[in-house]
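Protein chains in written order, with this note's numbering: chain H, 1 to 186; chain G, 1001 to 1186.
Ideal Cβ placement from N, Cα and C applies to all residues, glycine included.
2 protein chains.
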Amino acid sequence: MSGNRPSSRSRILAAAAALARDAGPGRLSLDAVAARAGVSKGGLLYHFPSKAALMTGLVENYIAEFEARLDAAVTPDDSGEALMKAYVSLSLKSLDEKHPPASWIFSAMAEDPDFLQPVNEFRRKLLQRLLAGSADRTKALMAYLAIEGLHSLKLFGSDQLSGDDRNAIDAYLLSQSTEIPAALRE
Amino acid sequence: MSGNRPSSRSRILAAAAALARDAGPGRLSLDAVAARAGVSKGGLLYHFPSKAALMTGLVENYIAEFEARLDAAVTPDDSGEALMKAYVSLSLKSLDEKHPPASWIFSAMAEDPDFLQPVNEFRRKLLQRLLAGSADRTKALMAYLAIEGLHSLKLFGSDQLSGDDRNAIDAYLLSQSTEIPAALRE
DNA sequence: ATTACTGTACCGTCTGGACGGTAATGTCAA
DNA sequence: TTGACATTACCGTCCAGACGGTACAGTAAT
Chain H
1 MSGNRPSSRS RILAAAAALA RDAGPGRLSL DAVAARAGVS KGGLLYHFPS
51 KAALMTGLVE NYIAEFEARL DAAVTPDDSG EALMKAYVSL SLKSLDEKHP
101 PASWIFSAMA EDPDFLQPVN EFRRKLLQRL LAGSADRTKA LMAYLAIEGL
151 HSLKLFGSDQ LSGDDRNAID AYLLSQSTEI PAALRE
Chain G
1001 MSGNRPSSRS RILAAAAALA RDAGPGRLSL DAVAARAGVS KGGLLYHFPS
1051 KAALMTGLVE NYIAEFEARL DAAVTPDDSG EALMKAYVSL SLKSLDEKHP
1101 PASWIFSAMA EDPDFLQPVN EFRRKLLQRL LAGSADRTKA LMAYLAIEGL
1151 HSLKLFGSDQ LSGDDRNAID AYLLSQSTEI PAALRE
């Protein structure tokens, strides 16, 4: 779907994401995005004929990128647990990136919650795969939910966790996803 | 701060929350809120002189209500673990209510992320109390994060968890928060 | 007289989006 | 080789509508 143009289209997407982060989710106007991307409004509308199309583009871009990163980390020797490990470390790592998580989500949500449907479906399937390959379903679920919680905290800009606590959780999550016997703990 | 008027003020708050849920976070206009609350726009602005005041009202109302429910469930025999137990069961229960979580959060976020600062601070203090009274800090953190994750899923309208999985998580979380020795599991 | 509104009219700003250009590049037949 | 047309990738302007907020006159209960 997405071509190999490094230029305007992807610059617009990046500008939209950055703007949602910096200016607040409700300030994501086409004018502002165009200005930030160094494109005229007409130019923006050429690539994304409506604001809805921009949002869809953001969503699809996010899913594609996440999927690619996950696939790159796992390679089809897919041992079930390997996927979980990749997911955990990828998610944890993405939390600390300079453009942390998908803050444009709020903009999409504000525009219309339905835009997130593809994301939800993608995550649903992912969780399915994660659970299918896990020795302890409840533990896997807990790990998934905890990561979701970490993302949520970050997304809402809260500063609830101390660095030590965050490290402890990271270590716990990573160790959980690597254990082989799943019966001898502590 | 909030008085004992059962009438317009609280009706407006309820209408705003309902509208954010039904019409989408971005459709929360003063006109729409006034109409839904059965109040004229002038009347709305009498109680909340600006949209910002409305948002602040929503936030304060939420915190006050949550705090009251938590206090009601725990009574100052505060055994540390008792608070965690109350928090877990209260959170789990609130997930299944007909007006599930605070969906107006997205509206506040869209308006200005700073509106959520009081919420974040409240949660931060709560987490501190939760962790202070816990035997196993990492476990407590995991429980908190998992609940956060559950809320996040609900908030984003995703349908990722099957009923069985949700039940398993509920049971696990509840059992975790009730255990006394914290060493014999399974 | 004060409180708690209702109702109407209005204003300035912002926003999505439609629209009409236009310059550069490519395609293709004569 | 050249002229005719098509496509791509934009630019800049304009507009109708929505929105937050103001102003103010009126009303009904306390």
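Coil, strand or helix - residue i by DSSP
i: residue 112(H); result: coil
i: residue 1118(G); result: helix
i: residue 79(H); result: coil
i: residue 28(H); result: coil
i: residue 160(H); result: coil
i: residue 184(H); result: Per-residue confidence for residue 184(H) stands at a pLDDT of 43, beneath the threshold of 50, marking its modelled position as unreliable; the derived number appears in the next sentence. In the structure shown, residue 184(H) sits in coil (DSSP, three-state: anything other than H, G, I, E or B).
i: residue 1038(G); result: coil
i: residue 102(H); result: coil
i: residue 1(H); result: In this prediction, residue 1(H) scores a pLDDT of 38, lower than 50, which makes its location untrustworthy; the coordinate-derived value is nonetheless stated afterwards. Coil.
i: residue 1097(G); result: coil
i: residue 136(H); result: coil
i: residue 66(H); result: helix
i: residue 178(H); result: coil
i: residue 7(H); result: coil
i: residue 1089(G); result: helix
i: residue 152(H); result: helix
i: residue 1050(G); result: coil
Given residue i as reference, the closest of the options once Cα atoms are compared
i: residue 1125(G); options: 161(H), 25(H), 87(H); result: 161(H)
i: residue 1176(G); options: 1138(G), 1132(G), 1158(G); result: 1138(G)
i: residue 63(H); options: 170(H), 122(H), 146(H); result: 122(H)
i: residue 10(H); options: 29(H), 25(H), 59(H); result: 59(H)
i: residue 1037(G); options: 1015(G), 1052(G), 1069(G); result: 1015(G)
i: residue 114(H); options: 1024(G), 1008(G), 1165(G); result: 1024(G)
i: residue 163(H); options: 1141(G), 1079(G), 1094(G); result: 1141(G)
i: residue 1134(G); options: 1054(G), 1088(G), 1007(G); result: 1088(G)
i: residue 13(H); options: 153(H), 112(H), 103(H); result: 103(H)
i: residue 56(H); options: 111(H), 167(H), 147(H); result: 111(H)
i: residue 68(H); options: 147(H), 96(H), 86(H), 170(H); result: 86(H)
i: residue 80(H); options: 136(H), 170(H), 159(H), 35(H); result: 136(H)
i: residue 95(H); options: 157(H), 31(H), 117(H), 131(H); result: 157(H)
i: residue 1130(G); options: 1171(G), 1017(G), 1083(G), 1116(G); result: 1083(G)
i: residue 65(H); options: 40(H), 53(H), 51(H), 91(H); result: 91(H)
Interface partners of residue i on chain G, CB under 7 Å
i: residue 129(H); result: Near residue 129(H) there are no residues of chain G at all, since even the closest Cβ is about 12 Å away, more than 7 Å.
i: residue 153(H); result: 1148
Chain-ordered neighbours of residue i on chain H, where CB pairs are closer than 9 Å
i: residue 1022(G); result: Result: empty, since nearest Cβ-Cβ is about 11 Å, beyond 9 Å.
i: residue 1094(G); result: Result: empty, since nearest Cβ-Cβ is about 15 Å, beyond 9 Å.
i: residue 1036(G); result: By Cβ distance, chain H contributes nothing, its closest Cβ being about 18 Å from residue 1036(G), past 9 Å.
i: residue 1168(G); result: 137, 138, 141
i: residue 1031(G); result: Residues of chain H passing the Cβ test: none, with the nearest at roughly 17 Å.
Assigned exposure category for residue i - 16 Cβ within 10 Å defines buried
i: residue 1046(G); result: exposed
i: residue 49(H); result: exposed
i: residue 1061(G); result: buried
i: residue 107(H); result: buried
i: residue 1151(G); result: buried
i: residue 182(H); result: Note that residue 182(H) has pLDDT 43, beneath the 50 cutoff, so the model's placement of it is unreliable and the number below is only indicative. Counting Cβ neighbours within 10 Å, residue 182(H) comes out exposed, since fewer than 16 surround it.
i: residue 26(H); result: buried
i: residue 7(H); result: exposed
i: residue 42(H); result: exposed
i: residue 146(H); result: buried
i: residue 1097(G); result: exposed
i: residue 17(H); result: buried
i: residue 72(H); result: exposed
i: residue 1020(G); result: buried
i: residue 3(H); result: Because residue 3(H) sits at a pLDDT of 41, beneath the cut-off of 50, its placement in the model cannot be relied upon, and the point is left open.
i: residue 34(H); result: buried
i: residue 132(H); result: exposed
Per-residue contacts from residue i into chain G (C-beta, under 9 Å)
i: residue 106(H); result: 1025, 1106, 1109, 1110, 1113
i: residue 62(H); result: Chain G residues near residue 62(H): none, gap ~13 Å exceeds 9 Å.
Contact set between residue i and chain H, taken where Cβ atoms lie within less than 7 Å
i: residue 1150(G); result: 145
Under 8 Å from the C-beta of residue i: neighbouring residues of chain G
i: residue 157(H); result: 1113, 1116, 1120
i: residue 165(H); result: 1131, 1137, 1141
Contact set between residue i and chain H, taken where Cβ atoms lie within less than 8 Å
i: residue 1124(G); result: 158, 159, 160
i: residue 1087(G); result: Neighbours of residue 1087(G) on chain H: none; closest Cβ ~14 Å, over 8 Å.
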